[in-house]
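Report on one structure; see the data block that follows.
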Amino acid sequence: MTASSASDAAVETGRQVQKINVRILRQDGPGQPSYWERHQIDYEENMNVISVLQRIAAQASTVEGESVTPVAWDCGCLEEVCGSCTMVINGRVRQSCSALVDRLLEDNGSEIELRPMTKFPVIRDLMVDRGRLFRGLERVHAWVPVDSYYDMGPGPRQSRKEQEEAYPLSQCMSCGCCLEACPQYNKVELHRRPGETDEQFEERKQAAYDSAFLGAAPISQAVLFNAHPTGKSMKDQRVEALMEPGGIQACGNAQNCVSVCPKEIPLTTSLGKAGRAATVHSLKKLFDR
Amino acid sequence: MAGQRVVVVGGGLAGLAATMKLCEQGISVDLISLTPVKRSHSVCAQGGINSCNDQTRQLGDSEWKHFDDTVYGGDFLQHQPPVKEMAYWAPKVIDLMDRLGVTFNRTQEGFLDRRRFGGTLYKRTAFAGATTGQQLLYALDEQVRRWESQGLVRKFEFWDFLGPIQDESGRCVGAIAQDMVSMQIQAFPADATIVATGGCGLLYGRSTMSVFCNGSAASRCFQAGAHYGNAEFIQVHPTAIPGADKLRLMSESARGEGGRVWVPRQPQDARAPTSIPESERYYFLEERYPEYGNLVPRDIATREIFNICVNEGLSVESGRMCVYLDLTHIERSELDRKLGGILEIYEKFQGVDPRDVPMKIFPAVHYSMGGLWAGYEKNADGGLVAGSPLNQMTTIEGLYAIGECDYQYHGANRLGANSLLSCIFTGLFVGPGVENYMSQQKALAGELEPSLFEGAVAEHERRHTDLLGISGGENPYLIHQELGDTMTRAATVVRSNDQLDDAYGKVDDLQRRAQACSLSDTGSWTNQNVLFTKALHDMFPLAKSILKGARQRDECRGAHYKPEFAMPSLSETDPVARRQEAERWCDRFEENSRRFLKSSIAKLNGTDPEVSYEDVDTSSIPPRPRLYGLVGAEVIEEVWKARSATREAAVQTSGT
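Line by line, the protein sequences are chains A and B.
Using this note's numbering, you'd call the opening residue of the first sequence number -10 and step up by one each time.
Using this note's numbering, you'd call the opening residue of the second sequence number 787 and step up by one each time.
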């Protein structure tokens, strides 16, 4: 089916249904039980899951007519470059801004199902805490260690080929789809202990994150910076970070990451490169002893 | 002084650049942001970042010409010293971003590739595919993370800035903010505070901006007494993709790489665009602006597209307004390499491949040229005094504004690929000034009387609780929609005094109704409902400033266009009469400049802004008429040059 006839079909489907049924897995806060809630909104052309959630927030009542609080969710740019609005839609992890209602109804005309990601602690409803992902970027030193921000002339000259290899990796928007899909990436959720301060709780959380699996996104960033002419100078530190517990050896090569990445980043290539770098590094250390 | 801290509010390009620069200076930063900083709206910038460069230089370009293009494109409404400084920093800014690892596109030989953008004839724009903003933001995010790992930065992400904290003299001694998860309100004592919170597109309901660009942070500073400059100058981008939740940007780089805008000559021609022959296509920008073609400045392209649809009835579709933006004549591989990101957006959201079929686009609200008033200290060369504490300081002492939320750099119309530059430039440039400001202070903010901070927290807690208790029956989301519709109708491409008056009344009414919003969530955990309502309340002071500024400005300048006051084309055909007409045209232009070549400055008085005017520093480049596409432009230019020469001679005579 061509793209235009697909959208025509959706409009027709839309005319028939008129209403869209939405089922949302809600949770009032961390550690609380989750529950399903059903909403119904009017069909409009060119909707995406964001506009569905906007209508639900404005309406604030379920299909049964019960008044409820608006569903909490995270979103930003609405054009799939910020990485905010990841959720599990009809069983598939993706960005909700680019999840077009007409397409979703083609697959399942009776309802749209929204759930929060399962690998991150739920804050509320569809909103999760992805702090671990950003901590991962810190773990692998994902930056170029320049001397200063003074004017020192241009950066190192790079070939078009180098740029074309780096650019796709650099498009990673830390959305977390690859981590949600990864069988080796397990949820780390801590709850605050009585009497614990913000700082103590934060410290305990970071320590737990630091021994858990990094996942594809941060590993791919380590590969990106190891290939950069200046970034290379920290290569050993990055590779050592990849060899610590929760590093590259935890990858089970399921290859789910690459198939769900909305930016089609060659994550398995990055994982392969990271694995080889780790092997070379340990051999080198062995012989250098 | 040891132990000084700076609060930076906003983690887009400007906020992150300021943060990393301050850290390099050894100053600790508390970084407050509505969203994880890596997700800030700067990611949406697509096309690139401008600077004079080795190649353009050899074709006659210079920093001065970049400066000139920027003020000419902005219709001379910017103070020139900050703009000059920015243009001269531009090559250095791009070099730095290159060193930080930004994946700029490369030429075959490995140099940074450049493309042309609107309002210039030089290829100044460096770019990383069509996701340049994202790539620049990530480089800065990485540097800030580096400082965070060393303990110099504390990030407060998912925190909402509620306003500056001021001591009895009015000086800003910190910020108050609310955790959007736990809803806890906290004071952040700071020796200096920088707001870098972007634009206010959400005032218009749908725009090209991200959902958090609601202007609330700037509005909260405005309500605390900071002045707001040039509010009425809102950029409407010529090319966006209409959507139910947002109007997605289609970058100017599409035209920079050769994209052509056209409509069928036959109104609502039902044929597929690819089967309409060349002779039956109207490339209206190219025909009307032979020199700049599809790359006229944005305000002009927007008005032309609007005009062709509304007044000439040539919209591609009958039911809605749109024109074709055509890339299909360009090699696929070239498109993928240089524009991949934006073509994917079009493909994903429209279900059509723009490599095969021309895109359908229409203008959308995109950028706020106006913003918090910010100062500067001018040097002898007409640039800025580096390290002056006055640079970027608002009218509240100790409170700085940088990036899109300051009013300084883009005048009446921003040129494409200058926003990323102004954001990074102001972020880097403000650091030393802030350090010098702090070194003049006698006491640390953290050691001031705790009651000052406790009082501010208590006041905001009370406001928060009051809001939860209101049961007036109004729905904040629906009021926001009405506000957006009203603003979009009255204060975008074409403005009229009747409509502006009418809109002001409506907005005033909405503001009153918004005070009676019943919340559907009165809880104290991740309550997005109450946060949205607070932001909605804060939209009104800015919306009113836009409307009032526009109402009082009876002229056309850049993005502000009132047909009633437009300068006409020349109509006389006889050369002598035409010359005389041009003289009269220039008289009128000069008279208009005397009245309106001034920044509007809004101050809040209760719930309504008062708008006064400030002279513009045009000491480096004398203002001249902006003549893009005007009939008779060459005669007007001749007359204008003769007058300028006379003026210059007079200045020199009086000087000797």
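By construction, the Cβ of each residue, glycine as well, lies at the ideal position given by its N, Cα and C atoms.
Since we're looking at a predicted model, the values are computed, not measured.
Chain-ordered chain A contacts of residue i [CB-CB under 8 Å]
i: B:M806; result: Y138
i: B:A1030; result: E33, E34, N35, M36, N37 and S40
i: B:L1214; result: Y138
i: B:W1311; result: D17, G18 and R113
i: B:Q920; result: V70, Q160 and M162
Under 7 Å from the C-beta of residue i: neighbouring residues of chain B
i: A:Y156; result: T889, A914 and G915
i: A:M223; result: Chain B residues near A:M223: none, gap ~10 Å exceeds 7 Å.
i: A:C64; result: V997
i: A:M116; result: T1312
Within chain B, the residues that residue i reaches when beta carbons sit closer than 8 Å
i: A:F123; result: P822, K824 and R931
i: A:T219; result: R885 and G887
i: A:A131; result: E928 and R931
i: A:G261; result: By Cβ distance, chain B contributes nothing, its closest Cβ being about 21 Å from A:G261, past 8 Å.
Spatially closest choice to residue i from the options, by CA coordinates
i: A:G283; options: A:Q189, A:L260 and A:P255; result: Lying outside -10 to 278, the shown extent of chain A, residue 283 of chain A is not represented and no answer is given.
i: B:D1252; options: B:Y874, B:N1222, B:C1191 and B:T1319; result: B:T1319
i: B:A1345; options: B:Q929, B:S1002, B:N1016 and B:A973; result: B:N1016
i: A:A243; options: A:Q173, A:L42 and A:Y24; result: A:Q173
i: A:V38; options: A:Q21, A:D17, A:V60 and A:P19; result: A:V60
i: A:N97; options: A:A267, A:V11, A:Q152 and A:M232; result: A:V11
i: B:M883; options: B:T1272, B:H865, B:Q920 and B:D861; result: B:Q920
i: B:Y1399; options: B:A1229, B:W1159 and B:M1107; result: B:W1159
i: B:D953; options: B:E1066, B:M806 and B:G1184; result: B:G1184
i: B:T805; options: B:T1212, B:S993, B:G833 and B:I1062; result: B:T1212
Partners in chain A for residue i, counting only beta-carbon separations shorter than 7 Å
i: B:H852; result: Here the premise fails: no neighbours, minimum Cβ distance about 17 Å.
i: B:K878; result: D140
i: B:W1426; result: Result: empty, since nearest Cβ-Cβ is about 38 Å, beyond 7 Å.
i: B:R892; result: Q147, S148, R149 and Q152
i: B:D1307; result: T58 and P59
Short CB-CB distance (under 8 Å) between residue i and chain B
i: A:I112; result: yes
i: A:Q160; result: yes
i: A:Q29; result: no
i: A:A88; result: no
i: A:S23; result: no
i: A:P255; result: no
i: A:E127; result: yes
i: A:T268; result: no
i: A:G235; result: no
First through last residue of the alpha helix (DSSP H) which encompasses residue i
i: B:V1151; result: First-last for B:V1151: M1145 to S1154, but that is the beta strand (DSSP E), not the alpha helix (DSSP H).
i: B:H1246; result: P1236 to G1255
i: B:E1396; result: Per DSSP, B:E1396 belongs to no alpha helix (DSSP H); it is in the beta strand (DSSP E), D1394 to D1401.
i: B:D1294; result: N1283 to A1300
i: A:H28; result: Segment S23 to D31 is the beta strand (DSSP E) holding A:H28; no alpha helix (DSSP H) there.
i: A:K262; result: L256 to D277
i: A:P251; result: Segment: none, A:P251 is in no alpha helix (DSSP H) and carries neither H nor E.
N- and C-terminal bounds of the beta strand (DSSP E) containing residue i
i: B:R1046; result: R1046 to P1050
i: B:Q1021; result: I1020 to I1027
i: A:N10; result: K8 to Q16
Interface partners of residue i on chain B, CB under 9 Å
i: A:I101; result: Chain B residues near A:I101: none, gap ~15 Å exceeds 9 Å.
i: A:V135; result: L882, R885, L886, G887 and Q929
Any chain A beta carbon closer than 8 Å to residue i
i: B:I1131; result: yes
i: B:R1034; result: yes
i: B:G1173; result: no
i: B:I1116; result: no
i: B:S1257; result: no
i: B:N1000; result: no
i: B:C1191; result: no
i: B:Y924; result: yes
i: B:N1315; result: yes
i: B:C1108; result: no
Residue i Cβ short of 7 Å to the ligand GTP heavy atom set
i: B:S1154; result: This structure lacks the ligand GTP, and indeed carries no ligand of any kind.
Proximal residues of chain A, C-beta to C-beta of residue i below 9 Å
i: B:F1135; result: N35, N37, E68, E69, C86, S87 and L89
Any chain E beta carbon closer than 8 Å to residue i
i: A:G204; result: Considering every chain present, this structure includes no chain E. Its protein chains are A and B.
The segment 1262 to 1274 of chain B: positions lying closer than 7 Å to chain A by Cβ: Y1263 and L1264
Positions along the segment 34 to 48 of chain A whose CB lies within less than 7 Å of some CB in chain B: If the cut-off is 7 Å between Cβ atoms, the segment 34 to 48 of chain A has N35, M36, N37, I39, S40, Q43, A46 and A47 near chain B.
Within 7 Å of chain B by C-beta, residues of the segment 163 to 189 of chain A in sequence order: S163
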